[in-house]
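Numbering (the working numbering), first residue to last: 57 to 364.
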Amino acid sequence: MRNSLWLKLMGAFLAVILSGVVVMFVLVNIATATQFRRFVLSGDVIQAQELAALLGDYYARQGSWSGVETLLERGTPAWPMRRMMGPGMMGRGMMGWSMEEMMRGAGPLVDRVVVADASGIVVADSAGLLMGQEHAAHLESGVPVVVDGQRVGTVLVGSMIEPILNPLDQDFLRSVNLAVLLSALAVGLVALVVGSLLFRQITAPLGALSAAAEAIAAGDLSRTVKVSSNDEIGRLGRSFNAMARSLARAETLRRNMVADIAHELRTPLAVIQGNLEALLDGVFDLTLDNVASIHEETMLLSRLVADL
């Protein structure tokens, strides 16, 4: 069983399937993560642009960033905020509400928000980690807050601050990767089943040919195989059956020839034996004629042997 061709083929096919599944999962995982991060970043940029307009309105009325950190602490989720914004409403809330009115009484922001002033000092951080620090490393990717044509600050949202996904995004990405892995395994399993059936169609006729060859080697020249296809294996089976029939005919001819030879040799041998026994028993006299008769039969036997 160790040397079974089916096992060897299945082992090689399984290795190919596993390699394909691993490569596909890794490539899809990388591509999905990359594209999803780009999607998240683009969403964060859109949120930052909308927040920049609202923060610009806030700065224009306040004249400074004083109190903006408190405003973020009791802010509203960014996506609902974006849905409330319609064309031509950048810098104004829904129905002309101010930023304070829009964000008053709402829950905390879904994504982290960082606001820096014109000098790059963080004046607000919804996570409270960078307050009063310079965040120049990321300000270049931030969205500027512009009031009367002057940049008064910068706003960053979510992945613009740190290239990491929030828990919800990570859960989504894990679910996508799990779905991809399960799909790849399902495809691999189907391919394995189909490959098993295909290899069985290849190895079963070869096994029958092997058994028939062993039977012929043991002397059973009537053994043939069933041919049910027109491919290479089918042609091999037909050639094997033709060979078996040729061997059977050759064996029949050999037996007939041996029988004929035995019959041809039996007659002169019987004459020689009879004459010699007659001479020994004294029935025939040891004369030249009797010896000549035995010699004639001997010559006939020699010619028969020479013909063989």
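Every residue gets a Cβ at the ideal spot worked out from N, C-alpha and C, and that includes glycine.
Around the C-beta of residue i, are 16 or more other C-beta atoms found within 10 angstroms, so that it is buried, or is it exposed?
i, result
"residue 108", "buried"
"residue 184", "exposed"
"residue 128", "buried"
"residue 83", "exposed"
"residue 112", "buried"
"residue 126", "exposed"
Could you work out which residue in the options is closest to residue i when comparing CA atoms only?
i, options, result
"residue 101", "257, 168, 236, 302", "168"
"residue 351", "325, 363, 339", "325"
"residue 284", "294, 276, 353", "294"
"residue 269", "120, 116, 93, 300", "300"
"residue 170", "341, 307, 220, 104", "104"
"residue 110", "84, 203, 89, 362", "203"
"residue 60", "277, 195, 262", "262"
"residue 308", "334, 276, 227", "276"
Does the distance from the C-beta atom of residue i to that of residue j stay below 9 Å?
i, j, result
"residue 209", "residue 173", "yes"
"residue 186", "residue 199", "no"
"residue 77", "residue 229", "no"
"residue 253", "residue 70", "no"
"residue 221", "residue 94", "no"
"residue 342", "residue 335", "yes"
Taking the C-alpha atoms as reference points, what is the distance between residue i and residue j?
i, j, result
"residue 214", "residue 79", "31 Å"
"residue 297", "residue 232", "56 Å"
"residue 273", "residue 65", "28 Å"
"residue 123", "residue 114", "10 Å"
"residue 201", "residue 225", "27 Å"
"residue 246", "residue 67", "15 Å"
"residue 347", "residue 330", "12 Å"
"residue 190", "residue 235", "42 Å"
"residue 238", "residue 223", "22 Å"
"residue 197", "residue 75", "40 Å"
"residue 337", "residue 271", "53 Å"
"residue 291", "residue 244", "32 Å"
"residue 259", "residue 267", "12 Å"
"residue 257", "residue 303", "28 Å"
"residue 216", "residue 86", "20 Å"
"residue 62", "residue 72", "15 Å"
Could you tell me how far apart the beta carbons of residue i and residue j are, in whole angstroms, since I believe they sit closer than 8 Å?
i, j, result
"residue 321", "residue 360", "6 Å"
"residue 353", "residue 317", "Residue 353 to residue 317, Cβ: 17 Å. No contact."
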